[in-house]
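Protein chains: 2
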Amino acid sequence: MTVTLADVAARARVSAATVSRVLNGNYPVAEATRERVLRAVDELDYVLNGPASSLAAATSDLVGILVNDIADPFFGIMAGAAQSEIGESGAEDDTGRAGAGSGSGRAGSSGRVTSAGRTGSSGRAGGEKLAVVCNTGGSPERELTYLTLLQRQRAAAVILTGGAVEDPAHQAAISAKLTKLADAGTRVVLCGRPPLAGGEAVVAALAFDNRGGARRLTEHLLALGHTRIGYVAGPAERTTTRHRLEGHRDAMQAAGLGGGAGGGAGDGPGGGLDGGERAGAEPGGARGAYDEERLTVHGLYDRRSGYVATLELLRREPEVTAIVAANDTVALGACAAIRERGLRIPEDVSVAGFDDLPFSVDAVPALTTVRLPLFEAGARAGRLAMGKETPPPGGIATIGAELMVRGSTAPPRVDTAVPGR
Amino acid sequence: MTVTLADVAARARVSAATVSRVLNGNYPVAEATRERVLRAVDELDYVLNGPASSLAAATSDLVGILVNDIADPFFGIMAGAAQSEIGESGAEDDTGRAGAGSGSGRAGSSGRVTSAGRTGSSGRAGGEKLAVVCNTGGSPERELTYLTLLQRQRAAAVILTGGAVEDPAHQAAISAKLTKLADAGTRVVLCGRPPLAGGEAVVAALAFDNRGGARRLTEHLLALGHTRIGYVAGPAERTTTRHRLEGHRDAMQAAGLGGGAGGGAGDGPGGGLDGGERAGAEPGGARGAYDEERLTVHGLYDRRSGYVATLELLRREPEVTAIVAANDTVALGACAAIRERGLRIPEDVSVAGFDDLPFSVDAVPALTTVRLPLFEAGARAGRLAMGKETPPPGGIATIGAELMVRGSTAPPRVDTAVPGR
DNA sequence: CTGTTAGCGCATTCAT
DNA sequence: ATGAATGCGCTAACAG
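In order, the protein sequence lines correspond to chains A and B. When the count follows the numbering used here, it moves up by one through the first sequence with no breaks and lands on 421 for the last residue. When the count follows the numbering used here, it moves up by one through the second sequence with no breaks and lands on 1421 for the last residue.
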């Protein structure tokens, strides 16, 4: 029924071993026989049996990329970049770049279609790796499950993207799993995720400077003259959320607006997920740590959360003149909430996001945000996973975050600065 | 070094066969031994060898989902939905839904973390399928390559999403490849992609009613009083582009505004990718087929293309009162271009998109568009791929597209209706 | 350079 | 209900 190596060997009048050698290309073979084999392969339309190959070689060509939310461009961009570095066999930097601008449907590619019948249809496809992305949905369980599945497949490499959940038990479980993967020869790379405690198992960890970016963003707002800044944070248990929040509070404190306590590193996020428990906080009340918590609302990294949280923020403190969102998507929801309350952006309330996703520049007004080089980071992670690039010293690299000032932030209204209004 | 079935068997004092049976659960095993085996598995921290298992069983638990652009939420939403149906072992409809709103970072999940140490770490993970998404970048070659890679892995199922490239050679190559996959036992499902010519190889094809949706959208514009409607189309060679364009032209013709020729089905898209070749077309010139082409500009399915194409459209015909974009992302670019020219939306120019991606409702003004039930379609494709749902009659189902009228479309300015202005 | 020989780890017959 | 054998298709030593 299905064509095997032996069939090809017979057709080409060589041994199975020889066929294997030409297919894998990692062994000297006479040019003559080589061509004969290749022809037989094409004629028989032979396709290598992956499982058999992996079993014998004890390695597979599978490379897994774990993401929290595949519908979020934040992850899509990183995953796509990584995949482009992995899919191509080292060469063809061109095609990799093509996917950069999140552009789909390459228009000019139809001309090369005919050649595809040759490149793609036959079973040989050089050292092609199968780069696949797995959607964890942000669930620790699914993350572990996927890791096990990948381990089962003897994956060649695994790339973990996005912030981690700060649960000790889960951290430990992940760490243990990654160690086992590494022991089995799988290359593990972290992208946009803080380094592990005992990071020996990991080839490299690329961490975003969330804290620094957040700090610069809030400093920008402070320089504009804002003092009552609301913060719509992400899920409390994620590292990304904590780091961005810390950066924000660092800046607030430096400006003498934050609470002295709780500003340092390592403290768990304090705010509850849904507010409303502290009743009757008088507007324009005390500053400091109290305000800090009162002006922080946690939610998910999606639009709806931004909308809901902003409404809550506006309710708690109608005098806010600026709102910093956990990311651009959340910022969009915040904008919707602000407008719905009849306020203008940025005249009445400034809004800022994080990530600088493609749509941010198209918001009206364009969103002030912090740019994360997602594509570059993803591509680098891909190369690291393939061993095409040497890891940074210590296996850890911090990736810069650049402040992008645009139309959604402006100085606060003058009359708002007057106490009591 | 690595723990094998035999090790587990020895530890549990049974034969390897028995261990295999408990692990696969598809064979009667005494409860006592069963537990003994399971304990041994946990104690030894055994992880099944996927390749070996697949080789022996001649099937794997890999399910591939092909997308054109992973950074595009259009695909991300479908892929995520499909993956949620595939990943979970039939049950737990709840978790599947959780990913719906494109929400990442499930906030409430930390409570269940500890249980993960049990569910996820051990080698057994019931009939878990490994749902993976592969990013083709819209390139036919990569599409074929991925299909080959998946074939090599003896994938259990493959889901192809998004419009196809209308190149006969490529169509044939894909068809042939899918037939081979089906012959090898792989279940093939098409999602948001038109049925194949000889569709026997395919379990089911879920096609979006792009044509109908586009027609209704343009009818809406016509009802509003627009007559000069620019169309920013996608890549000329894709089915999605053609179908949407045809729907648009159908509506135009029905209103007596389209050219008699070229309106029917099956004609290749006429407009060149970059215009400007026909010089000095006098404004307010002849209607009909001529205008139809003049008012159509092709580009990619991304924001930049929408921006550039709209600028071109505005140059060719400053009197356009409405612009229909290939999709929402393109519409965003169109909006940017329109504003840059000092025009207001919708007062001066109405804008419409397609797909109704999450961000569309947040555009200012909110985007009139055509809603495609991406999540539902993806989920259904996932179930079809898993054999959890019976295919529609004939294996083909058309998925409705619903017009969403929002703020970005309005009647044209009265003075614009005056000829010569 | 090429052919021969052994397994890789597991799922299945077939027995019992 | 369980154990013993057989082979899935391929790669990797070894010869030669």
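By construction, the Cβ of each residue, glycine as well, lies at the ideal position given by its N, Cα and C atoms.
Please confirm whether residue i has its beta-carbon closer than 9 angstroms to some beta-carbon of chain A.
i	result
asparagine 1135 of chain B	yes
isoleucine 1070 of chain B	yes
alanine 1064 of chain B	Strictly speaking, residue 1064 of chain B in this sequence is glycine, with alanine absent from that position. Chain A contact via Cβ: present.
aspartate 1362 of chain B	yes
glycine 1198 of chain B	no
valine 1297 of chain B	no
arginine 1142 of chain B	yes
valine 1014 of chain B	no
valine 1008 of chain B	no
threonine 1329 of chain B	yes
Given that residue i touches chain A, what residues does it touch there, using C-beta distances under 7 angstroms?
i	result
serine 1054 of chain B	Pro51
alanine 1332 of chain B	Correcting the residue type first, residue 1332 of chain B is leucine in the shown sequence and not alanine. Chain A residues near leucine 1332 of chain B: Phe359, Asp362.
threonine 1239 of chain B	In chain order: nothing, as chain A lies at least about 11 angstroms away.
Residue i: buried (16+ other C-beta within 10 angstroms of its C-beta) or exposed?
i	result
aspartate 15 of chain A	A small correction: the amino acid at residue 15 of chain A is serine; aspartate does not occupy that position in the sequence shown. That one is exposed.
proline 73 of chain A	buried
glycine 103 of chain A	Confidence at glycine 103 of chain A is low in this model, with a pLDDT of 35, below 50, so the placement of that residue should be treated as unreliable; the coordinate-derived value is given next. So glycine 103 of chain A counts as buried.
aspartate 1061 of chain B	buried
aspartate 1183 of chain B	exposed
asparagine 1049 of chain B	buried
proline 1194 of chain B	buried
arginine 13 of chain A	exposed
glutamate 1043 of chain B	exposed
lysine 1388 of chain B	exposed
threonine 161 of chain A	buried
aspartate 356 of chain A	buried
arginine 249 of chain A	buried
aspartate 1045 of chain B	exposed
tyrosine 1027 of chain B	exposed
glutamate 1031 of chain B	exposed
proline 51 of chain A	buried
arginine 154 of chain A	buried
threonine 1002 of chain B	exposed
Residues in the same chain with beta-carbon distance under 8 angstroms from residue i, minus the five sequence neighbours each way, listed in chain order, please.
i	result
alanine 410 of chain A	Leu224, Pro346, Glu347, Ser350
arginine 1244 of chain B	Asn1210, Arg1211, Gly1213, Ala1214, Ala1233, Gly1234, Ala1326, Phe1354
valine 1361 of chain B	Leu1367, Arg1406
Grab me the residues of residue i's own chain with a C-beta within less than 6 angstroms of its C-beta, minus the 5 sequence neighbours each way, in chain order.
i	result
threonine 1018 of chain B	none
proline 427 of chain A	Coverage of chain A is limited to positions 1 through 421, which leaves residue 427 of chain A absent and any answer about it impossible.
alanine 251 of chain A	Arg215, Thr218, Glu219
cysteine 1134 of chain B	Gly1064, Leu1066, Tyr1146
arginine 303 of chain A	Thr329, Leu332, Gly333
leucine 178 of chain A	Val188, Ala201
glycine 378 of chain A	Met78, Ala81, Ala82
alanine 337 of chain A	Tyr307, Thr310, Leu311
Which chain B residues sit within Cβ distance under 9 angstroms of residue i?
i	result
valine 47 of chain A	Thr1148, Gln1151, Arg1152, Lys1180, Ala1184
Strictly below 8 angstroms CB to CB, what residues from chain A border residue i?
i	result
threonine 1002 of chain B	Ala184
Verify the contact flag: residue i, CB atom, against every heavy atom of the ligand ADP, threshold strictly below 8 angstroms.
i	result
aspartate 1328 of chain B	The ligand ADP is absent from the structure shown, which contains no ligand whatsoever.
Using a Cβ cut-off of 9 angstroms (strictly closer), state whether residue i contacts chain B.
i	result
serine 20 of chain A	no
alanine 131 of chain A	yes
Counting only Cβ pairs nearer than 7 angstroms, list the residues of chain B close to residue i.
i	result
leucine 224 of chain A	Within chain B, no residue comes near leucine 224 of chain A; the closest Cβ sits about 22 angstroms away, beyond 7 angstroms.
serine 60 of chain A	Pro1051
proline 73 of chain A	Ala1071, Pro1073
proline 358 of chain A	Arg1303
glutamate 128 of chain A	Thr1145, Leu1149
Excluding five sequence neighbours on each side, which residues of the same chain lie with their C-beta closer than 7 angstroms to the C-beta of residue i?
i	result
threonine 227 of chain A	Leu257
alanine 40 of chain A	Val8, Arg11, Ala12
threonine 1239 of chain B	Gly1163, Ala1164, Glu1166, Pro1194
Query - Interface residues of the region 384-417 of chain A facing chain B [CB-CB below 9 angstroms] - result: none
**Report entry** Residues of the region 76-87 of chain A whose Cβ lies closer than 8 angstroms to any Cβ of chain B, in chain order
**Finding:** Gly76, Ile77, Ala79, Gly80, Gln83, Ser84, Gly87
Query raised in the report: Just by C-beta distance, which residues in the region 335-353 of chain A are closer than 9 angstroms to chain B?
Result: Cys335, Ala336, Arg339
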